[in-house]
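Visitor:
Number of protein chains: 2
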Amino acid sequence: MRGKIMKVIQSPQNKQVKEWKKLATKKGRQKQKAYLLDGWHLVKEALAKSIIIKELLVTSDFKYLDELTSLNKDQHEIISISDEVAKVLSETPSPQGVFAVVALEPAAQPPLQGAWLMLDAVQDPGNIGTMVRTADAAGFTGVIFGDGTADIYQPKVVRAMQGSQFHISLLAGPLDEWVQKFSAQQVPVYGTELNPAARPYNKLGKHQNFALIMGNEGNGMSQQILKRTTANLYIPIIGHAESLNVAVAAGILMFQLKA
Amino acid sequence: MRGKIMKVIQSPQNKQVKEWKKLATKKGRQKQKAYLLDGWHLVKEALAKSIIIKELLVTSDFKYLDELTSLNKDQHEIISISDEVAKVLSETPSPQGVFAVVALEPAAQPPLQGAWLMLDAVQDPGNIGTMVRTADAAGFTGVIFGDGTADIYQPKVVRAMQGSQFHISLLAGPLDEWVQKFSAQQVPVYGTELNPAARPYNKLGKHQNFALIMGNEGNGMSQQILKRTTANLYIPIIGHAESLNVAVAAGILMFQLKA
Numbered sequence: 002m003r004g005k006i007m008k009v010i011q012s013p014q015n016k017q018v019k020e021w022k023k024l025a026t027k028k029g030r031q032k033q034k035a036y037l038l039d040g041w042h043l044v045k046e047a048l049a050k051s052i053i054i055k056e057l058l059v060t061s062d063f064k065y066l067d068e069l070t071s072l073n074k075d076q077h078e079i080i081s082i083s084d085e086v087a088k089v090l091s092e093t094p095s096p097q098g099v100f101a102v103v104a105l106e107p108a109a110q111p112p113l114q115g116a117w118l119m120l121d122a123v124q125d126p127g128n129i130g131t132m133v134r135t136a137d138a139a140g141f142t143g144v145i146f147g148d149g150t151a152d153i154y155q156p157k158v159v160r161a162m163q164g165s166q167f168h169i170s171l172l173a174g175p176l177d178e179w180v181q182k183f184s185a186q187q188v189p190v191y192g193t194e195l196n197p198a199a200r201p202y203n204k205l206g207k208h209q210n211f212a213l214i215m216g217n218e219g220n221g222m223s224q225q226i227l228k229r230t231t232a233n234l235y236i237p238i239i240g241h242a243e244s245l246n247v248a249v250a251a252g253i254l255m256f257q258l259k260a
Numbered sequence: 002m003r004g005k006i007m008k009v010i011q012s013p014q015n016k017q018v019k020e021w022k023k024l025a026t027k028k029g030r031q032k033q034k035a036y037l038l039d040g041w042h043l044v045k046e047a048l049a050k051s052i053i054i055k056e057l058l059v060t061s062d063f064k065y066l067d068e069l070t071s072l073n074k075d076q077h078e079i080i081s082i083s084d085e086v087a088k089v090l091s092e093t094p095s096p097q098g099v100f101a102v103v104a105l106e107p108a109a110q111p112p113l114q115g116a117w118l119m120l121d122a123v124q125d126p127g128n129i130g131t132m133v134r135t136a137d138a139a140g141f142t143g144v145i146f147g148d149g150t151a152d153i154y155q156p157k158v159v160r161a162m163q164g165s166q167f168h169i170s171l172l173a174g175p176l177d178e179w180v181q182k183f184s185a186q187q188v189p190v191y192g193t194e195l196n197p198a199a200r201p202y203n204k205l206g207k208h209q210n211f212a213l214i215m216g217n218e219g220n221g222m223s224q225q226i227l228k229r230t231t232a233n234l235y236i237p238i239i240g241h242a243e244s245l246n247v248a249v250a251a252g253i254l255m256f257q258l259k260a
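In order, the protein sequences belong to chains G and X. So for the first sequence, the working numbering puts the first residue at 2; every next one is plus one. So for the second sequence, the working numbering puts the first residue at 2; every next one is plus one.
#1: Contact defined as beta carbons within less than 8 Å: I believe histidine 208/G pairs with proline 189/G. What is the distance between those atoms, to the nearest angstrom?
#2: What residues of chain X sit near isoleucine 169/G, judged by a beta carbon separation below 7 Å?
#3: Only counting the same chain, and skipping five residues up and downstream in sequence, which positions put a Cβ closer than 7 Å to that of phenylalanine 289/G?
#4: For threonine 93/G, count neighbouring Cβ atoms within 10 angstroms of its own Cβ and tell me buried if that reaches 16, exposed if not.
#5: Tell me which residue opens and which closes the alpha helix (DSSP H) that lysine 157/X is part of.
#6: Is the segment 218-233 of chain X close to the segment 114-125 of chain X, with three or more CB pairs under 8 Å?
#7: Could you tell me whether any Cβ in chain G is nearer than 8 Å to the Cβ of asparagine 246/X?
#8: So, for alanine 139/G: in the same chain, excluding its five sequence neighbours on each side, which residues have a beta-carbon less than 6 Å away from its beta-carbon?
#9: When the distance is taken between beta carbons, is tryptophan 117/X closer than 8 Å to phenylalanine 141/X?
#10: Using the three-state DSSP reduction, which class does lysine 74/X fall into: helix, strand or coil?
#11: Helix or strand or just coil, what does DSSP make of arginine 3/G?
#12: Assign glutamate 46/G to one of two classes, buried (16 or more other C-beta atoms within 10 Å of its C-beta) or exposed (fewer than that).
#13: Run through chain G and tell me which residues come within less than 8 Å of alanine 139/X, C-beta to C-beta.
#14: Could you check how far apart the C-beta atoms of asparagine 246/G and arginine 160/X are, in whole angstroms? I think they sit under 8 Å.
#15: Can you give the Cα-Cα distance for alanine 104/X and serine 83/X, rounded to whole angstroms?
#16: Is the segment 219-233 of chain G in contact with the segment 184-199 of chain G, if contact means three or more CB pairs nearer than 8 Å?
#17: By Cβ distance, which residues of its chain are closer than 7 Å to threonine 131/X, with the 5 residues on each side in sequence left out?
#18: So, at 6 Å on beta carbons, what are the nonlocal neighbours of leucine 58/X in its own chain, with the 5 sequence-adjacent residues on each side left out?
#19: Determine, for arginine 3/G, whether the minimum Cβ-Cβ distance to residues of chain X falls below 8 Å.
#20: Using the C-alpha atoms, what's the distance from histidine 42/G back to glycine 29/G?
#21: Taking buried to mean at least 16 other C-beta atoms within 10 Å of its own C-beta, is methionine 7/G buried or exposed?
#22: Could you check the C-alpha separation between methionine 2/X and serine 95/X for me, to the nearest Å?
#23: As a quick exercise: from Leu69/G, Ser61/G and Gln110/G, pick the residue whose alpha carbon is nearest that of isoleucine 54/G.
#24: So, helix, strand or coil for serine 184/X, using DSSP?
#25: Is it the case that the Cβ atoms of tyrosine 154/X and alanine 199/X are separated by a distance below 8 Å?
#26: If you draw a straight line from the C-alpha of phenylalanine 183/G to the C-alpha of alanine 212/G, how long is it?
#27: Run through chain X and tell me which residues come within less than 7 Å of valine 249/G, C-beta to C-beta.
#28: Note the first and the last residue of the continuous beta strand (DSSP E) segment covering lysine 55/G.
#29: Straight-line CA distance for valine 86/G to isoleucine 10/X?
#30: Note down the Cα distance separating asparagine 203/X from lysine 74/G, rounded to an integer number of angstroms.
#31: Can you give me the start and stop residues for the alpha helix (DSSP H) that valine 18/X sits inside?
#32: Could you tell me the distance, in whole angstroms, from the CA atom of valine 102/G to the CA atom of leucine 37/G?
#33: Distance cutoff 8 Å, beta carbons only. Does glutamine 114/X sit that close to anything in chain G?
#34: Run through chain G and tell me which residues come within less than 7 Å of serine 165/X, C-beta to C-beta.
#35: Run through chain G and tell me which residues come within less than 8 Å of phenylalanine 146/X, C-beta to C-beta.
#36: When DSSP labels each residue in this structure, what does leucine 113/G get in the three-state scheme?
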């Protein structure tokens, strides 16, 4: 029976499709304790890891069904969906025809060592996902999503993370509490708000243990959190641009600071 | 008469609106020799600079009309448009109610000195615009859009550049020819394709004069151009991400290499 398709869903009006669609909202994800992976790259990585998969969805012309069934060692249910259903579920204009409904498990909190990125009310899901991906590439331990930041499992965040949620710790909560925890362990916390006391980002050397906070695209960091930082860093602008994109700035800072 | 609104256009079906809408396509921009600026930040900068403005468009509830008319020293025509027309012209879900139709003038080619970014078939307009903005911030002289790269004045590129087209030189053309020009002047050209001969990006020191090439998001750089580079650079990935977003990688490289 392994790898067999047991169920076929053709209509976007199907009750099950409506439940899957709710996974695009935070409320729906919390209620179902699951989120949706869209695309072969992500589904393949989930199958290769010990990720709890609730269902696998494939369209009839999905090219890698053999590879999927051979990777599906735990015999997760495979459901055949129509192209119309795939269109309804996907954020992309041309879906790849494969999805996984994946369990949202409470994140285990690792020790606050290594390098951490904290997001203070960052809005744009593409920026957020890109920062998680960059933190992963730079060898960071994790990313903490502060209040007012888009949800970790928002579809556009998931798309931009490109699987980095499987590689590093993703936590959420009020950042002032996290800053206190880092400070209590003598881990330096670097803010990124340009103010008269800010220090050029490339004069601090490399660090094993530190936390870096990136603020909101328009308004920067909250003043309350800023007060608690060890130091504030800035990237000197040489030309005439007013600012850097937050994900680009985060990339420059992470690769500069990480030992 | 200065600053007076002389014309009112209510219907998205209006012939003039259809012409403006064509500015979203490369063909339309080339035919009309113009492109569209969307939003107060960009329009204000165009008014402050010696940019040739053909028309200014404002909705009836545009908040900064007084400031716009006082900045409009050259008495460019101001046309009142309805909210429906603004919606049709804008790429954003909530347009700010101000646009400028700006002349596309042939770019003067500055001497090939300073730092240059070259884009080899980069696809995503958001990435492209962000790289132009970052090149501006890093003090680069200009950006060269190679063949296969999205057009300089594509609306989403313009939006992401955030006005940097007014600050640095933007050129276009076949990159192999540009690489030859740089090489003829002994300007080093750095490629960014991971291959056995690639060098870590942070071991080269800082440079006044150089060119940096970023490749296509999926396929990297063209082999033909790669052969002509002075050296190829890579950013070591420490974690488990497969790659960096191209705009993030460009930001890290530009700020690292620029003297």
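Note that beta-carbon positions come from the ideal geometry of N, C-alpha and C, so glycine has one too.
Guide: Judging by the given coordinates:
#1: 7 Å
#2: Those within 7 Å of isoleucine 169/G in chain X are Gly240.
#3: Given that chain G is displayed from residue 2 to residue 260, the structure contains no residue 289/G and the question cannot be resolved.
#4: exposed
#5: 156-162
#6: yes
#7: At least one C-beta of chain G is nearer than 8 Å to the C-beta of asparagine 246/X.
#8: Met255, Phe256 and Lys259
#9: yes
#10: coil
#11: With a pLDDT of only 46 at arginine 3/G, under 50, the local geometry of the prediction cannot be trusted, and the value read off the model is given with reservation. The answer is coil: DSSP assigns arginine 3/G none of H, G, I, E or B.
#12: Buried, since its Cβ has 16 or more Cβ neighbours within 10 Å.
#13: Ordered by position in chain G, the residues that pass the 8 Å Cβ test against alanine 139/X are Ile239 and Gly240.
#14: Not a contact, Cβ separation roughly 12 Å.
#15: 23 Å
#16: The answer is yes - the segment 184-199 of chain G touches the segment 219-233 of chain G, with three or more Cβ pairs under 8 Å.
#17: Ala161 and Ala248
#18: Ile80, Ile82 and Phe100
#19: With a pLDDT of 46 at arginine 3/G, under the threshold of 50, the predicted position of this residue should be treated as unreliable, though the coordinate-derived value follows. Closer than 8 Å: no.
#20: 24 Å
#21: exposed
#22: The predicted position of methionine 2/X is uncertain, since its pLDDT is 40 and thus under 50; a value taken from the coordinates is nonetheless stated next. Approximately 31 Å, taken between the alpha carbons.
#23: Leu69/G
#24: helix
#25: Not in contact: tyrosine 154/X and alanine 199/X (Cβ atoms no closer than 8 Å).
#26: Taking the straight line joining both Cα atoms gives about 8 Å.
#27: Thr131, Thr135, Ala248, Val249 and Gly252
#28: 54-60
#29: 41 Å
#30: About 43 Å.
#31: 16-22
#32: If I take the Cα positions, the gap works out to 5 Å.
#33: no
#34: Neighbours of serine 165/X in chain G, taken as residues whose beta carbon is under 7 Å from its own, are Ala242 in chain order.
#35: Near phenylalanine 146/X there are no residues of chain G at all, since even the closest Cβ is about 18 Å away, more than 8 Å.
#36: Here DSSP, grouped into helix, strand and coil, assigns leucine 113/G to coil.
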